[in-house]
Amino acid sequence: MTVLEFDGIAFDPVGAAPVRTPTQAEPSTTSTAQAPEPAPTTKVALYSAAAVMDSMPSPIAELRTGVVTAHRAALTAQVAMQRALWARATGPSTTAYDAAPGRVTGIAAREGAFKPLARTGRTHLDRAALTLLAEGAVTEVFGPAYRRDGVEVAVRLAAGEPLVLTEIELIELYGGTGDGRVVARYEGTPGAAARQAAEVFALFTGMHLCLSGSTLTGATAASPVVTGSAAAATGAAEGALELVVTGLDLVPRPHVTGTVSFAGGEPSVGVEVTVTEPAGSGVGPGRAVPSLLLNEFHMTHLARGDQAIAMGPEFAEYTGVRATRLPTGGLLLVDRVRDFDGARGALDAASYTTEYDSPADSWYYADTANESMPHFVYMETSLQAALLMGYYAGPTLTQPGTTLSLRNLGGTATVLKQVDLRDRTIEQSSRMLSTTILPGSSLQTFDYTLRVDGEPFYTGETMFGYFSDEALANQTGLDAGRPAPSWLAENPQAPVRSIDVAARRADPAAPLCARRTLTLIDRVDVVDGGGKHGAGYLHSLRAIDPDDWFFTRHFHLDPVIPGSLGVESVIHAVQEWLVDGGHTAGMTDPVFRIPADIPFSWRYRGQFLPTDGTVELEAHIKELRRGPHGVIAVVDGSLWKPGLRIYEVTDLAVELVDRAAR
832 MTVLEFDGIA FDPVGAAPVR TPTQAEPSTT STAQAPEPAP TTKVALYSAA AVMDSMPSPI
892 AELRTGVVTA HRAALTAQVA MQRALWARAT GPSTTAYDAA PGRVTGIAAR EGAFKPLART
952 GRTHLDRAAL TLLAEGAVTE VFGPAYRRDG VEVAVRLAAG EPLVLTEIEL IELYGGTGDG
1012 RVVARYEGTP GAAARQAAEV FALFTGMHLC LSGSTLTGAT AASPVVTGSA AAATGAAEGA
1072 LELVVTGLDL VPRPHVTGTV SFAGGEPSVG VEVTVTEPAG SGVGPGRAVP SLLLNEFHMT
1132 HLARGDQAIA MGPEFAEYTG VRATRLPTGG LLLVDRVRDF DGARGALDAA SYTTEYDSPA
1192 DSWYYADTAN ESMPHFVYME TSLQAALLMG YYAGPTLTQP GTTLSLRNLG GTATVLKQVD
1252 LRDRTIEQSS RMLSTTILPG SSLQTFDYTL RVDGEPFYTG ETMFGYFSDE ALANQTGLDA
1312 GRPAPSWLAE NPQAPVRSID VAARRADPAA PLCARRTLTL IDRVDVVDGG GKHGAGYLHS
1372 LRAIDPDDWF FTRHFHLDPV IPGSLGVESV IHAVQEWLVD GGHTAGMTDP VFRIPADIPF
1432 SWRYRGQFLP TDGTVELEAH IKELRRGPHG VIAVVDGSLW KPGLRIYEVT DLAVELVDRA
1492 AR
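Residue numbers (the working numbering): 832 to 1493.
In structure tokens form, the structure reads like this:
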């Protein structure tokens, strides 16, 4: 077990922190909130400042003294900006990407596109298949992916009205303007045909799987949710239609919205179909689907919806305000909680298993320079699985009325084996090892292992902190507020050459280049033979655009750059250096990978805000290992916001190999 570090001291993630017996001036607090299944609660001592000093020297000194005092004043402006960015980000998009050469071909989802709960290769339905859907035989039509343990399938196509669709000629997941498209033929009223086309698309995306026993509402003859002319809604006809989906979401309930055009000249109509739980049933943890504690529906609510639905009624106060959340959009990288052996209020230990489905058309496969999944997704999916259930256990409930923001503080991780994760379900086994409650903050430690088909491929340990506004407003970075200039600033006479990453990226034929959403650096300055190891030095400076896509994703109402994308930007600098250095020479099919069996570690002591101006990074080449089929570069690196070094990575490795030589 690696010992993590916080505030300059070793922090044993499995060792219990000393708890001083509370005095009358230091009352203990007891959490009485319960998990879905009754379980005894655990008494949690709330440390006083004196007790903290007794047990851990200066436990939050790095976050409490010095710099960035303007942060608190900027919070209101950040929230307003976040709302505006979110409104823009959720609009329709026409973006669709072709996969890069050497990878899976076809259309990739744009970042933030709706991720179906189930997938099928079937895109044409005849009358017999439509009749089966009207009988509730969804699995028989779309396949076994549409069957989930514990989900009662009560949904019916055209429930309560005649089935007027005669054929679905085409269903496109990312057709139309990017959200989906259905081309169909019908005999009957155009309004009913429009509703039923939207119902087919809702079933096609598997929306009903997150609410057991659910039905399609707003789509019956008695209560149509259709706008347009009365003739289009009620007049009988025969013809063809096209549904262009304009909205797909799981919040507040799973729903599809779209516009339907008719070939016969009838006016277009708007249509909406909503998946609704059975009357009187619950939708909170363990109730939406009895076999799962949480599923995709809860994850979306935790990211940007109703926290009482996501986590339980104890969390209702966090809805609509800045609070701990999962990322959203294309950065939401955990889908389901399969099992959890802890209880609400039991903060000393718990274990749980979560799952994440990684479709081959995911945006990050199309945009990365890696052969398979980019490194930041390895980090994010494992860290999100850990923080999710750490938060579910209830550390913030011990300090009611205090706004606490979640931040990752550091960890270590190792790739155990290289696996192509396209169209695979990643199983995340995580353990909460300890929780330390401090005034205005708390710390949690975890370990985790990712598996595919039962085989582990990634493992690590990490620490999260929940911090008050006061703690976040007084950051001193990694160097206790002392100046920490980059190596290049301390060696201004070093000979520098530059790699124009933006120019290379502009060439669509340029290989091994991160693109589009993963455009994280534009230029790399190189000092050959420089750096603290004398093996090479890389430096990059990038302006922060408040409109950068990740601010709307990470986190809702609390925008900061994901730390994992800071690590990814260092990786991109190293990748560009390897290509520029001619290391692809002689390779038939060069690819980048995350090498196995090289542990790396990271520390975060600050945050990049939309108003921070720039991200500065450096990487010191530590080692260049040459093998028969390629090279591995191992680096140490740091990232700065203006005047403050806040990220550090150690032994981060990038592998460049010839895939054809395997």
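Glycine included, every Cβ here is placed at the ideal spot set by N, Cα and C.
Item	Value
Cutoff 6 Å; reference L1309; Cβ partners in own chain excluding five residues on either side	R1436, R1476, E1479
Residues bridged to W1471 [DSSP beta-bridge criterion]	E1447, R1476
Extent of the continuous beta strand (DSSP E) run through G1069	The amino acid at residue 1069 is misidentified as Gly; the sequence shows Glu. Per DSSP, E1069 belongs to the beta strand (DSSP E) from 1068 to 1080.
Opposing strand residues paired with A804 [DSSP bridges]	In the structure displayed, the chain extends from 832 to 1493; residue 804 sits before or after that span and is not available.
contact_flag[the region 1340 to 1351, the region 1186 to 1198] where n(CB pairs < 8 Å) is 3 or more	yes
DSSP state of G1006 mapped onto helix, strand, coil	coil
Local conformation of V1410 per DSSP, three classes	helix
S1496 and R1238 closer than 8 Å at C-beta	Because the chain here runs from 832 to 1493, residue 1496 falls outside it and cannot be looked at.
The region 1176 to 1188 contacting the region 1396 to 1411, beta-carbon criterion three pairs below 8 Å	no
Alpha-carbon spacing of A1134 relative to F1386, whole angstroms	8 Å
Proximal residues to V1391 (C-beta, below 7 Å), its chain only, five neighbours per side dropped	H1385, Q1438, F1439, L1440
The region 1414 to 1429 contacting the region 1371 to 1382, beta-carbon criterion three pairs below 8 Å	no
Cβ-based neighbour list, F1035, same chain, cut-off 6 Å, excluding 5 preceding and 5 following	I1002
Exposure of T1234, with buried meaning 16 or more beta-carbon neighbours within 10 Å	buried
Sub-8 Å separation of K1453 and A1366 beta-carbons	yes
Classification of S1112 by the beta-carbon crowding that lies within 10 angstroms, buried from 16 upward	exposed
Three-state secondary structure (DSSP) of V1120	coil
Backbone secondary structure at D1198 - three-state DSSP	helix
Rounded C-alpha distance that separates E1258 from M1418	34 Å
CA-to-CA distance, L963 to Q913, given in whole angstroms	Confidence is the limiting factor: at Q913 the pLDDT is only 34, short of 50, which leaves the residue's position unreliable and the question unanswerable from this model.
Same chain only: Cβ atoms within 6 Å of P1109, ignoring 5 sequence neighbours per side	G1044
Residues sharing a beta bridge with L1372, DSSP	E1447
Pick from S1395, G1296, V1114 that is closest to F1381, judged by C-alpha positions	S1395
CB contact check: R1346 to chain C, cutoff 8 Å	Looking for chain C here will not work: only one protein chain is present.
Nearest to R1255 (by Cα), restricted to the options R979, A1217, D1188	D1188
Neighbour-count burial assignment, H955, 16 or more Cβ in a 10 Å radius	exposed
Neighbourhood of E1030 by C-beta distance below 6 Å, restricted to the same chain and skipping five residues each side	L988, L1047, A1050, V1104
Straight-line Cα distance separating R1012 from R953	14 Å
Residue closest to D980, alpha-carbon to alpha-carbon, out of S1122, G1007, S1099, E1286	S1122
Complete runs of the alpha helix (DSSP H) confined to the region 1323 to 1402 [at least 4 residues]	1332 to 1337
Cβ-based neighbour list, A1062, same chain, cut-off 6 Å, excluding 5 preceding and 5 following	Unreliable placement is indicated for A1062, whose pLDDT of 42 sits below 50; the coordinate value is still reported in the next sentence. Excluding sequence neighbours, A1062 sits near nothing in its chain.
Anticipated Cβ contact below 8 Å, L1487 with G1461, distance rounded	5 Å
Distance, P1205 Cα to T1088 Cα	33 Å
Nearest residue (CA-CA) to V1208, options Y1222, P1158, F1171	P1158
Distance, Y1149 Cα to T1293 Cα	25 Å
Sequence ranges, alpha helix (DSSP H) only - wholly within the region 1187 to 1269, length at least 4	1194 to 1198, 1206 to 1223
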